[in-house]
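> Structure provided below as structure tokens; questions to follow.
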Amino acid sequence: FTGQSLVETLRSKGILCIAMTPEWVRLVTHLDLSEEMIQATIREIAAL
């Protein structure tokens, strides 16, 4: 993946992030995210 292609792939799965450079993607958490939501995000990324 490039940074931008990963952003687009994750967006299609409902995961928002930003490409900082062609190689780096930034993901942050928010107070409203539950532990299960974070674990689901990790599972989606691991499955790529």
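Start counting at 1 in the sequence shown, then tack on 287, and there's your number in our numbering.
Positions of the beta carbon are idealized from the N, C-alpha and C atoms, including for glycine.
(1) Straight-line CA distance for T296 to I302?
(2) Could you give the first and the last residue of the continuous alpha helix (DSSP H) run that contains S292?
(3) Rounding to the nearest angstrom, what Cα-Cα distance links E322 and V315 in this structure?
(4) Closest to A327 by CA distance: which of K300, I305, E310 and G290 is it?
So, to answer that:
(1) 9 Å
(2) G290 to S299
(3) 14 Å
(4) K300
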